[in-house]
Structures are given as structure tokens and as C-alpha cells.
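Input: a single structure, listed below in C-alpha cells.
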Amino acid sequence: GYEPLLSEKDRTTIDVEFEELPDELTRESLELPALSEPEVARHYTRLSQMNYGIDSGPYPLGSCTMKYNPKFTEDVAARSEAAVHPDRPEEAVQGTLQLYHELQEYLGRIGGMDAVTLQPPAGAAGEFTGILVAKAYHERNGDGERRSEVIVPSSAHGTNFASAAMAGYDVVELPGDDDGRVDLEALRSAVGEETAALMLTNPNTLGLFERDIEEIASVVHDAGGLLYYDGANLNALLGRARPGDMGFDIMHYNVHKTFATPHGGGGPGAGPIGVTEELEPFLPSPQVEARNGTYELVEPEHSIGKVHGAMGNWLVLLKTHAYIRRLGDAGLRDTSAKAVLNANYLASQIDLEIPFGPFHHEFVASAGERDAAEFAKRMLDYGVHPPTTKWPEIVPEALMTEPTEAESKTTLDQLAAAFNAVADEDEETIAAAPETTSARYIDQTSAARSPRLSWHALSDDA
Amino acid sequence: GYEPLLSEKDRTTIDVEFEELPDELTRESLELPALSEPEVARHYTRLSQMNYGIDSGPYPLGSCTMKYNPKFTEDVAARSEAAVHPDRPEEAVQGTLQLYHELQEYLGRIGGMDAVTLQPPAGAAGEFTGILVAKAYHERNGDGERRSEVIVPSSAHGTNFASAAMAGYDVVELPGDDDGRVDLEALRSAVGEETAALMLTNPNTLGLFERDIEEIASVVHDAGGLLYYDGANLNALLGRARPGDMGFDIMHYNVHKTFATPHGGGGPGAGPIGVTEELEPFLPSPQVEARNGTYELVEPEHSIGKVHGAMGNWLVLLKTHAYIRRLGDAGLRDTSAKAVLNANYLASQIDLEIPFGPFHHEFVASAGERDAAEFAKRMLDYGVHPPTTKWPEIVPEALMTEPTEAESKTTLDQLAAAFNAVADEDEETIAAAPETTSARYIDQTSAARSPRLSWHALSDDA
Amino acid sequence: MSYHTQLSRTEETETESTGSPFAPHTEADVEAMLRAVDAESVEELFDVPNSVRFDGEFGIEAASEREVVRSVVETLGRNESATEFLGRGHYDHYVPSLVDHLADRSEFLTSYTQYQPEITQGFLQALFEYQSLLVELTGLEVANCSMYDAATALGEVATLSRRARSVTGDRVLVPDALRDERRAVLENYVGGTALAVEEYPTAAGVVDPDDLEDALDDDVALVYVENPTTTGLIQDRLEAVGELLAADDVLFCLGSDPIALSLLRTPASIGADAVIGDASVLGLGTAYGTSLGLFACKEEYLRQVPGRLVGASRDESGRRAYTLTLQTREQHIRRERATSNICTNQAWVALRTAIHAAVLGPDGLLDLAKECHRLPEVLARELDAIEGVSAPVRDGYHFREFRATVEPDATELVSELYAEGFAVHAIDADTIQVCVTDANENRAAELVTAITEVLD
Amino acid sequence: MSYHTQLSRTEETETESTGSPFAPHTEADVEAMLRAVDAESVEELFDVPNSVRFDGEFGIEAASEREVVRSVVETLGRNESATEFLGRGHYDHYVPSLVDHLADRSEFLTSYTQYQPEITQGFLQALFEYQSLLVELTGLEVANCSMYDAATALGEVATLSRRARSVTGDRVLVPDALRDERRAVLENYVGGTALAVEEYPTAAGVVDPDDLEDALDDDVALVYVENPTTTGLIQDRLEAVGELLAADDVLFCLGSDPIALSLLRTPASIGADAVIGDASVLGLGTAYGTSLGLFACKEEYLRQVPGRLVGASRDESGRRAYTLTLQTREQHIRRERATSNICTNQAWVALRTAIHAAVLGPDGLLDLAKECHRLPEVLARELDAIEGVSAPVRDGYHFREFRATVEPDATELVSELYAEGFAVHAIDADTIQVCVTDANENRAAELVTAITEVLD
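Chains as they are written, first to last, in the working numbering: chain W, 708 to 1169; chain L, 708 to 1169; chain U, 14 to 469; chain G, 14 to 469.
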């Protein structure tokens, strides 16, 4: 497949003339593609046909939880009543606030947290918000200066490091234990008076449950630090264990992972955070509270302020609400059951080394002698989306694989067959991949070396 | 592309047990695929990817008027207010009836007809309805017995013949003139006391305007017959000429051709018919009439009864209404202008013999020495949908081509390039086509020889 | 400034439209194209004699997309808002969102009849699967891939009976309880033949084999029976009807729908030769007429079947592939000797029906059918408890709907219920008919309250 | 009977759900899979110590798709139905239907970030085209492919100013008329740095270069100016501002949006270093927060840009292809030294914005922008004619909105207008703000009438 750029189909320059404004307030001209509706329709239809989505086939990107996105949630979010202006007064938007409040409640119960804010517009924004809450808490306790460090395991998501740094913290990297989990001794020596928080994913990015979680919590709490839960892998635990019960003080939820809202090619997502009662006064403003059957926007006593210009990615939150209502307790529990069963089954069918275990929602296979990125490219030729590659680094040439609950046994068998077929192939075949995709292997290095980031930057022959 | 049948993915037999009904009233078992929603979503997504639509590329099927289908008309038809039960009393469905009435009016003005029924659910149903009206008219005049023939030009659509026959008429085929138009002498000798009607397409299926239309009308009318207009090619004449003004007594409109409602893989369409004042009393029941701002369902005095169990393909009619409103007079006129310009331009760019002319909305090229069907298959390899083939028979190895107004010059140039490339290829290459499609050349003969019409009829290895 | 961008401006500023917003030509394009065809203007290309040239106006004002949507939606808003408890052959069931999302994919929606099977395998396979669904549901060997609606399908069965060599006779027997609309369409379909439509007596649609036998003679070509009936009853003596008709050279056609067929005796098992009905109870529901005619029959009538048939074949690489087949029955080949004039049918609605059935699966279908029995039983009982209401009117097994007698006046009751936001059928001066399915059961309790209050 | 078909039954009969309707496993599947992993039950696979096992209930009842849709729609129905004349940084414009239909294609909607460019060329190209649109509109060389919203984009510009070597200083100057929400987000983004946010005085958002100069000193790192202002005014002295700031090592950031940028002076031409804003005025409109942060800057800041960038490259066959690029700036590579923590962004909204712009084309965009000036001018004049209303409050050129003083009480007026079905901003005791675009202009005349009547 190949589709010319819009700008290659047409580029029309118009003079900007407008007698009602002085010339010096307006631009001189505007050069953009001028195409008819049928041409635009075909352009984007063809582009879509050059793109792989969940409805195209399995998408086992580890840690991304790419699962089926139910269509009815789209219909709900498309209702015109859902798209109100954020400046409407409370009394004119009671329906929206009720749903907003219900979702705060649902997420609190699911995570075992006392209070939830829906404002952060993505998982990383949730991390940033959570760390800001921790910081405000420590500052309120007169402990802000001293507690200058956030501890992050080396296998954690890159966002953990970046979010802590954005909030002004020094990041202390915590090496892992031989069993792929937190090294308690290393933790004990890392923790101290400077510790503001430990950020942890559980199950971690290897799919392993941190069995010592209570001990970990004690170590951090005893030192006066807070425990932050990265919700990226919550799909493994729904109804089996709750971060709040494990001792976490703050957590974020990736609704586009756990609660099946579409990833949208990279967003919008939403990253609500839950906190313990103690931290509730520090949540962003406003919170939605129910009083005598009406819903109010309330500023928490020591609120950190705002992390988004309005109420977050509301349309995504609305889809989350509908999804949770659809599943209910039993559906949520079953989600994790099938996600964990699928990961374990798929691991059992793949002829590659898969260190560590037992696995929950995902596992990391090793491509061994092969380059994991090339291995993945070759999998494209088998019509499936490959796993996340080369991460976490504790597994050499990592293939981080998360099938989710939404794949059938038949599909898992197809996925395993793709893994195994590539594992059996010679280097040359693998290196020549992909052969069947809409584009062949793309040179990313030269793209970065001389960046061309708009059609203006393309020469005519490029 | 290949996608297994639903039944190859799963076939589950369930016992039908229901204590609330006696056993002899219920079936014993039911065997169907039992698949989850994600599996169903992928199945049909993949099937769609193995299908070519207007948004995929040009679709120049002659006489089918495959043009861009505006998306907003879908939104209008999807409104829940549009999907009312057909047994609602008039007063409870005034909005629907108002739109129904407005569309009757619009179509009347566009065709130059005095009254319009929207009931026929497709173009062929419109033909049948029109002939029934003609029959009722002749019967009412005591002329029913004698007028037993309907005259149809040999180049007419197959439906014309079939519709007339369904209404109980003998079909008299009228050979064409050397210039591809009606042979006036042949018409004069065919017409007589037995003539109930002449069915005519104008422009005809060669894209030629029947210049002698007034003379033709006189001949038929003088003999007491009626003139029927097949609206398949109306896209060529919008705002330039009206069947009613040319002397036609009855016409049908193919809204899925002229008015851009989607063809839906073969329907639903809608085939409203328009008639002169004289024939209005014979229209199907009910007609919608406006009286003092309210809309009523009225049975015409000598109504032929019904041709559809309810009000026709209402959702399609609603899309038609929205499309006509969007375009208005100027848009409708421009539609024909561009349709005719496109056909003429495309014809000028193709290196094949294209007999007759001047063309309106379509033309018929000849594949010459080559088999037109094979020629068309080879065009598939150039990423375009081929024209209608082998018809009308007056052109040897016919390639009947209608680009419509919705194609750009760029696309027409691509289409012409596909025609010309195939024209330059050797027989072997053409016979081996198609090579790039989701299925290769399909054996239609053996499919008809031993029909397998359901998954029940497939053996396990088939 | 290009020509068509002037138009896109009208989209937003509502200045007067100067052409079609869906024609992509720039002014430069038009000029180049005119040069290529050696014409000065587009008007020159119209070979239309002046005497029939139209130079008037239609008087239809162009409007922006926004204006059209707004205006049509406002007009539809003039419909009274009411929860419909209406049935009588047209039924609503909840259609899963997935059906809309998949069927609206433009590769399906904007395609044409599958004349080029190599690039339309997707739709062909979906239609093949639709046919297979009907084959399973009816127990008959052949189903076509769509008719317009139940009424026209009935008409087509009648003309098939005329063509089938194993069938003789000129009389078509239909139940006295048949909807007028279906009867009227049937009359038009047989109007071109020697067939005559006659009624046989029923008890509100329920056939008594003895009464039917009395109506039978050598001249009967077709007997049509509906199960369930338009009055909402499940036929309880179909086997006897089948035996009665098997003896004769009569075509036995059953009227039904895919949900009822998921639960009720298969037409094949009671000796039916053909089945017609409304298949859009799955996938679409009532839409003021837009529908889907179900058509299935025994294999012996295959060459006489009207409409499109999709068959399995192979492509050159040996892989299974699908294609329209037996096209020599059809109008574009056989012309006046075709089995029907049908060309454009209801393929897209058939796609919706197939998707809905696939989402439900066999259990989902069966459970839905069971609800269609349970819900009216419960509602009838509740209405029966109201003073002045007697429901159901007739003993028997119900499906989706039932009749009730009311005092003092059914028409008045129905009209007052409309004012309360409920639509039910008035059948005659003292009878109403009430239809309840998964689509409206959530408001059934409110209907009971409303009826109680109106009659109080 | 298979496990999951029990679930599809709940869809229709609402018996209690026993699991996820979106897990496709049959009972037989589960058994075979457990055998393969050598486990007796799924519970066994959870390596969770008993002490932290959860065996409680969430107390969330499962519901069928039909029930959920009905319930959510009913709840949304509790929102007062009102035509919104609200703006102040969040704007509605009519979004063509085509945008929905194309962006909802599941290949776009259900895909993830384009880590495998070979199978995500479609989305990558759409994002490349989105970047190109912003480059054309701003005149700057670089645009990223999305931020969350205008407020977070402003925050990111501030931290960029900290990293940029050509910029020094700790003070961030923002207009006194800045929305509180944007200011609050900005404060949080700079909270981890030495930057401090301060206000400079404006006339209802309109910057006076002399006043700004007074606020400047060597310690200023960033000056932020909005055009148009939150109060609906077009800045008339931006060139002077640009000249003022060009002399210093100050980052000059302009806040705007794609519709305004289609008409107003390009940021590049007045010397802006960066542009942020809300791009979803095209493609989405106000949605209680769901938005799209616009981010563009000069090439010199390229290596400091936050968020995703799509670049052109070639594939092995030599054909142009697109890929995420300069990823070494990003958190998954650079971790705590990344330019931002952003990962999931607003790609799908950017797709919608790009499609909307493509449908409009340059003329459509420009005409829409012109309407954004004309409509408030007309409405302000009409309101000014009402006794007790003075509009616009300030002379100047308006864009989308304007302020008006009203007597006797703005809050009361706004509240009474709500009762009449109109939403307008109350700014203070005697000031309202009114926003009018193509999305609500059809009801502007009614608003005038309503205000006249309320004040009468």
C-alpha cells in the first residue's frame, strides 16, 4: 500500500484578504491541500487500510494491554449530551457529574483506595499527579526539603523515572533481584530520610507478582516514604488483589489498558489516581462530591491545583464508566482470570527461553542469539503484531508479551506458531523481514539524523 | 486475504429445551457458530478488508452510477426518531410524513412529473409498479384485454423485460438503429392497438440521448400506449431535461444511483415512480398528502394497492431527502454537468474503439479482439474496479463505463491508464489475471454446475 | 482560487452554493478536460434538443451539511415520542452496537452487487453465511441472499408455485388473519398470472387442519400459513397441516422469522416447501418499512428461486472462494423469462442480520426467542388483573404479542395511552394488541400502570 | 453448552453475568489450556500471598449492553439542555460527519502508538500531515503530533525554556487575564524547576508592549501571550512584542488555535519562538475536557521538544515511509532525562483535527475564521441595542466572543437565561461574555430575544 500525501494531491495557495481587519493583523497567504470530500474520504480510508488495529488481529504488546474495545462505549461517548462545555455551572451538568462521581467510586473500590481523581489525561500524567500529591503531603508535613528522592526499580516503565524527575525529584534506580523481583536488601539500603516515595508496578514488567509487597511497604512506610502503584499491569489482578490492600498509598489506573478504552493510535487515554484517606486533601481540584442527591465540584483542602485545563479526558472516562458497568464484579474478576490464563498458556506454547515465573498477565521471552527487534519484524510477515522488544533489559533480547483476556485459544495458537516459525528460521530470512507489510523495513536511523517533520521539509523528489 | 467461515471457527449444537412450551411445538436442536464479540468483530472487519467499495477507489460500472455516498446522510438515517413502527397512526408520525411528502415533491419537480410514490423498494420494483399503473389505467379505460404488449428496446436493462413479464405482458423487443438509438421505423411497426407501453432509458445504455424522443412519444401516444422512463441514467440529465417534459407518462427514480444513497452491496435501494396527473389515481396506497399543515395517508381513487408491505425502504428515502436538500438546484445541475464532462473526458483518454456518441454520463468501449470479461479482470490488478462487461451487446466485447461526477481528473487519468495498460498487454498476461486481488480468478461455471449454497453443503475438505 | 474550494466555503458560511460539493473538479481541471474533448463549455456536451431542454428551477435551496442535518432532525422531532408496544408482523429487538459499527464499514456499505467476485469476497462470504443461517433455521436446503420484505417474498413464492412443475392449480390460499398489506402485495404479484388469492378460515390466525381441508381442492397451488401468527400465537397443529398438504401437489409455504425459528419447530420437520418472512427482526428492527425478506425453499425448487444466490467455488490457486451463482435464473441474463425482476435487493440488511445472529450465537438466539414467549405471557397476566381488561383474549401459546379486550372503548384507550407516551394497536372497538420484546420490556410496568390509570 | 455463550445469553435475558463478555474462551478451551500449563484451576495461577488476596466484592452489578447504554444516556439526560454561548478558551465548531466516519475506522481507533512503523504507515502519515498543517499555520518549522491540551502544552513550553541553552532566567510571565486553570497547570509543571510564574498587566488580555517591557528583566525566561485572548480580542501590537522580546534571551510563546491561525498573523512573522493552544477546535470541539494540545516551535529547539514526532524516511524498497523519530528525547529511552514524561498522548484527536482541516481546505478554513470575526461583531451590535446592555465592552477586533456589561445583575441574567435554554458566561457582577460561532449562530437571534425579554 502507498498513498500520496495530501500535499502531493494538491497544494493551493490562497491570498488572505479580509477587509474587516487591518492588514497587519492578518496573515498574507495560506497554502494547504484543497481537496473535495470524496478525495478526503478515500485518502483516509486508504490510510486506515495501511494500519493495524486490534480488530485486525492479535496485538500482544507487553505492558500495553491491547484488548478488544467494545463498540457500544463509542456510541455512548458520541452522544451530544456528553459533549458539554467545561464552564457550565454544576447545576446545569448534573448528569455528567453523576457519572463522573460514580466512576470515582468504582475505581476506588476496584483499587482499594479511599479517593480518586479522574483529572490526569494519561497514565504518565497520573504518575506525575501522584508524585505531586506525595510531594505536597511531605511539604505539608514540613518534610518537603529533606525528602528529595524517588526510588524506581530498574525494570520500571520509563515514565516513572520521567514523572518523578518532572516533579523535581532525584531518581534513585533500584536494581532487581535474581528472581526478577525487588531486591529487599537493595531496597533497605536505598530507603532513608530522603525517600519521598517508591514507585512500583505489580505484577512487574516481567509479569511477576512482588510477593514481598507487604515487607516492601513496611520498609518504605517505616522510613516515612509513600508507596506508589503504577497501574499499567492492573489487568492481572482485578478482584484478586487491590493495591490499597497491599499497602500502596497512591496509584494510577490506565483506563485505556485495564478498562478497554481504545488506545487511539496513542491516545487519548486517561490516568485517574487513587489515594488513601490521608492523601485525599491533596488531590487536584475539583473533586466531584455527592450531597443529598446533587453533585458538586469541590476543591480539596490542600489541593495541588490542576494537572489538566479542564476535567481530563472526559469522553474516555465516560467509556470507562460504561465498560465497568457492563462487566460488573464477575466480569472484572473473569477478565483477570482469562488474562492470566492466556499469558501462561501462550508461554507454554512458545519454543523460546522464558526466564522467571510464575507469570500473571505477561511474560518476557528471549530471542536468544537473535536480535529481538528483527525477530519482531519477521513476525509481521505472519500477520500478527509482535510483542514489545528489547525491554526490560534484564532479559536478553526481550520479547515482552501480553496477550490479554480477549484472545481465543485459537488465536494464541496462531501467535505461538508465529513465534516458533520465526525461531526456526535462519538469520538471513529474519533480517530480510518484513516482506508482506504495506511498507518494507524502514530506516529509523537516517530519519533521526536528518529529520523531515512536515511536507514543507520534503524536496520534490523525496 | 482469506478468512475462514464462521462455521469453520466454531459450530456448537445446543439442545432446544423449553419447559414452557410443549415439545412438539419446538425444534430439537440448533447448530450455529458460538463466537465471542471480539471474534465476531475481527471476522467481519477482515471480510470488509476483502471487499472493494467506493471509498476504496473508482468504480466505473456502467449504468450503476457508483458515486460518492456522503456520510452525513447515514447519521440522519441512524437517528432513533427515524425508525418508527409502520403501524403508527398519522398523527403520531407527522415528522416522518412531512419528510416523505417533501421528497415526493422534490422528485416530482426533478422529473417533471405530477405525482410521485416512494413505495417501490428498488428500481426494478419501480418498473413493476409503473407497469402495474399502466395496466390499471388501460383496464380502467376498458382497454386492458387488448393492450397486451410492452415494447422494450433490445439495449434496455434486463429488468425492463422481466418487470413487464411479471405484470403479465408480452414483451416485444425493439431492435436498435445503426446509430445506437431507437429505430423510429421499427418502433412505428411495433406499435399498435396491443401496445400498453414503451419502456425507454434516456440517455440509453450507450450513453446516447434519444434525440427523437418527442417523435417517439407521439408514436406511442397516438397508438394509445404509455411511455415509461427507466430512471437508471437520470444522473445525466438533472436540470437539463425532464422525463415529464419529454412526454413520458411514468418514470422511476433509482435513488441509489442518481441521489447517492449507498448501494449496500446490492441494496437496499429505492425506486420511487412519478406519473402524470392522469395516472395519479392509480398510484399505490397510501400517498402522503398535506392538508392544512398536517400530513395524511391517502388511498388514491383507483389505487393498484400495494407493492411493498409497508412504506418502502424508508431509511434510504430519508438519505435521498437529505442529499437533495444538500445539493439544491445548483448542486443537482452541477452533478449532471460533471458526470457528462467526466464521461466525455475519460472516453477521450482511452485507446480503445468507442463507437457512437456524443456521450452523456457513460460510454461503451470495445475490448475488440480481447474478451471483455478477461479485460476487466486484468484491470483489477491496476487497483481499480472495472466497467460493466459484455453489455449492451450492440458493442462487441463491451466495456460499459460510467465514471460519475464524483471522480477527479487525476482519478480519471489513472482509470484511463489502467484501460490503456491492459489494452497494450498480451493475451497471456490478461488471461492470467487477476494476480493482486484477495482471491484469484474464480471458477463460476463449476459453482453453478454443482451449487453449494450454505456451509451445510460443504464437505470438510471443501 | 479553485472552484470546489468555493464550495467547501459554503459549508461554513452558507453563501449560495454554486455546484455539487461532491464533484472534485477545480476550475483548471474543467478547463483541461474541456480542451481534451474539444468543447467550449460543458453545456455543449449535452446532446439535448432545445425543445425538451429544461431551463426552469426545481425551487430546492441548497443547504450546508450542518443545516440539512439540523433541519431533518428537527422535522423528525415532530414525531410523537412514544414507547412502541406495536408488532403485528413488524418487530423491534435490541441491536448490538457492533452490528452498526461493522455494517457501516464503507467497504461493505458503499459496494455494489458482487459482479467481480475477486474483489468482493468479503461481502460474498457474509451473504453465504447469511444463507447458511437461514438453511439452519428453516431446515430447508436453499435460501437466497435477500428479498425486499415479507410481503414481496410471499408474492415471489406465489409466482414460483406457478413455475414449479410439481405444482398445479390456480388458487392461492392465505389465512383470513393475514395483514392487508401482505395480501395487497400478493395480489399484485399474481396479477400477471392466472393465480387467484383466496382466504381460508382461522381462529385469529391459528389454522385448523379440518377447516383448511374443507378449503382445499385440486386447483390449490399454494397454501400459506404464518407461525407465529400476526396476532401473536404459536401454531399448534402444523404437523397435521403438513401431512394434509403433502398428499397434494400443493406448495406449502410457512411465514416466520429468524428469532421464532430459533425456538419453534423447523419448517422442514412439518413438511413446509418454502419459508418466507421478515428477517430484519435481527439486525434492524422496524424502520417504517426498511426490512429484509426471508426466502428459503427445498432444493427441488432451486432453479425457480428468485433473487441472488451465493455459492462456494474455488479460485485459480485452489482456495475456497465465493461467487454469485445460477445467474441464468436472473433478469440480466434471462430477461422476460427470469424467475423474478429483482436486481438491487437488501444485501446490506442481510449483512446486519448475519452479524446480529453471529453476535448472539445459538444460545443467545434461543434465549431471545424464549423471552419472546415469556414476556407477553407475563404482561398479559398483569393486564388481565386490571378491571376492564381481559387478556389474553384466546388461550394458546404466545410469541411477542397478544390481544386483550378492554372496556369501554379500545380506540379511546389507545388514544389516551398515546398521550401518556405509549403506542399499542387498536384492533376493533373492544380489542387491543400488545407486543412486548427485549426492546420495550423495561417500560412494560409503566404501561400496566398507565392502562390501569386510564381505565380507572 | 460453551461457557461464553452463556454470556451472550445474558446480553438478552439479563440473567446474572458469570464472566467477561469479551473473553472468548469456551469451557473446553479453558480445560485444554489448564492442562497445557499443568494447573488445576485458574486461581492456582495467581501467585498472590493470601495475606493480600482480595475476596470481597466491588458491589458493581453487571448489566447488558442495552441496559448500560440506556442507563448512561438517561443519566446524561439530567444535564440541562441548553444552547451554549460559552467560550473562554474552549470552542465548538460544526464537525463534518466525515470526520466521525473516518476517525472511527477501527484500524485507526484501536491501534496503539506506532512502534512498528511497517504496519502503521496509515496513522503515521496522518500524524505527519497533522504536523505539516501546524507548520503551515504557525510558520514555525517543528510541530509535535500532540499534547493533552493547551494548559499542559503551556507547561511543557515552560520546562522547555528551562532546558533550552539559548534561554536563561527563572521568571515565566503570563497575562493577568490567563484562565485560572491554565495558570494552575503551569504552576504544577514548573513546580519541579526553579521557574516562578508571574503575571504581566494587560487590558482584558490585550498586551501593551510598554507595560510588558516594564515587567521584563534579565531573569525572564518565557513570555506567554494569547491571540485571540480568552476575552475574545485580537491582539493588535504583537509585532512590537516580538521586537521587544527578540532582543532578549527570552522564549516568546504565543497561544492560539488552528482556526484563528488561518486568518491572523503567523506566529513566525511576529517573532514567536513557540506556539501552544487548543487544536481540537477543529475535529472535536468542547467535550468537558477532552481536547488536543497544539505544540510548535522553531527548529533550534527541536531536540528539546516534548512528545512524539513523526518523520519521513524511506523503506528498504526506497519508497517514502514514515516513522516516529528523535525518540531519544523520550521517556522510554531517556528516562529521567527525557524532555517530558508524556507517552500516551492525543493522537486520535489529532487525526480528527487533520481530517477536519482536510475537509475544509484552505478556503474553508479561512472562511470559517472570518465568520469567527463577523458573528460576534454582529451579535455584539444587536445586544448593544438592548436597553441595559452595553456591548462590546471594549473596542477592538473580536474573534468568536466578546464581553458586555449588563444592568442590573449579570449573575441573575445568566441564571434566567439558563432557564430559557441559553448558557452564557457571567464574568462579574455586571459583565457577561458571549461566544458565537457556526455551531450556535442559528440560535443567536433567539438569544437576543431572550436577553431582551429577561431585561425588560
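Note that CB positions come from ideal geometry on N, CA and C, so glycine has one too.
On a predicted model such as this, the values are computed, not experimentally measured, just so you know.
- The beta strand (DSSP E) runs of length 3 or more contained entirely in the segment 254-282 of chain G are, from start to end of the chain, 264-269.
- Not a single C-beta of chain G is nearer than 8 Å to the C-beta of W:Ala1125.
- Within the same chain, Cβ atoms closer than 8 Å to the Cβ of U:Val318 are found at Val155, Asn157, Leu173, Phe308, Cys310, Leu339, Arg342, Thr352, the five residues on either side in sequence being excluded.
- Interface residue (Cβ-Cβ distance to chain G less than 8 Å): U:Glu78 is classified as such.
- For L:Pro950, the enclosing alpha helix (DSSP H) begins and ends at 950-953.
- The residue among G:Ala273, G:Tyr431, G:Asp227 with its C-alpha nearest the C-alpha of G:Leu257 is G:Asp227.
- For the segment 873-913 of chain L, the full-length alpha helix (DSSP H) segments reaching 4 residues or more read 891-897 along the chain.
- Boundaries of the alpha helix (DSSP H) harbouring W:Thr803: 801-818, taken from the DSSP string.
- By the neighbour-count criterion, in which a residue is buried when 16 or more other Cβ atoms sit within 10 angstroms of its Cβ, G:Val219 is buried.
- Ranking G:Leu295, G:Thr243, G:Arg175, G:Tyr410 by CA distance to the CA of W:Thr733 puts G:Tyr410 first.
- Proximity of the segment 796-808 of chain W to the segment 986-1000 of chain W meets the contact definition, three or more beta-carbon pairs being nearer than 8 Å.
- Taking a cut-off of 8 Å on C-beta distances, the segment 1031-1041 of chain W touches the segment 81-88 of chain G, as three or more cross pairs fall below it.
- The count of Cβ pairs closer than 8 Å, one atom from the segment 737-744 of chain L and one from the segment 714-721 of chain L, reaches three, so the stretches are in contact.
- Interface annotation, G:Pro109: in contact with chain U, CB-CB separation under 8 Å.
- No Cβ of chain W is located within less than 8 Å of the beta carbon of U:Pro405.
- Counting the other CB atoms within 10 Å of its CB gives U:Asp270 a total of 16 or more, which places it among the buried residues.
- Going by DSSP, G:Asp286 is part of no alpha helix (DSSP H) at all; its letter is neither H nor E.
- For W:Leu913, the closest alpha carbon among the candidates W:Gly887, W:Leu894, W:Glu922 is that of W:Gly887.
- Under the Cβ criterion of 8 Å, W:Thr803 is counted among the residues facing chain G.
- Against chain U, the CB of G:Asn455 has a partner CB under 8 Å away; the residue lies at that interface.
- One Cα belongs to W:Val878, the other to W:Phe868, and the distance between them is close to 6 Å.
- DSSP, reduced to helix, strand and coil, places U:Gln138 within a helical segment of the structure shown.
- The three-state reading of DSSP puts G:Arg365 in helix, counting H, G and I together.
- One alpha carbon belongs to W:Ser743, the other to L:Tyr960, and they sit about 26 Å apart.
- W:Gly981 sits close to W:Gly815, with the two beta carbons spaced by under 8 Å.
- Under the three-state reduction of DSSP output, W:Leu739 falls in the strand class.
- Boundaries cannot be given for G:Thr338, as no alpha helix (DSSP H) includes it and DSSP labels it neither H nor E.
- The Cβ-Cβ distance between G:Gln144 and W:Thr866 does not fall below 8 Å.
- Excluding its 5 nearest sequence neighbours in each direction, U:Glu97 has C-beta neighbours in its own chain below 6 Å: Ala436, listed in chain order.
- Within the DSSP bridge table, the entry for L:Ile1149 names U:Asp328 as partners.
- As the crow flies, the alpha-carbon of L:Glu922 is around 36 Å from that of U:Thr126.
- Three or more beta-carbon pairs separated by less than 8 Å are not found between the segment 748-765 of chain L and the segment 88-97 of chain G, which leaves the two stretches without contact.
- Among the residues facing chain L, W:Pro740 is not included, as its CB has no counterpart in that chain under 8 Å away.
- Around G:Asp262, no beta-carbon contact reaches into chain W at under 9 Å, the shortest distance being about 23 Å.
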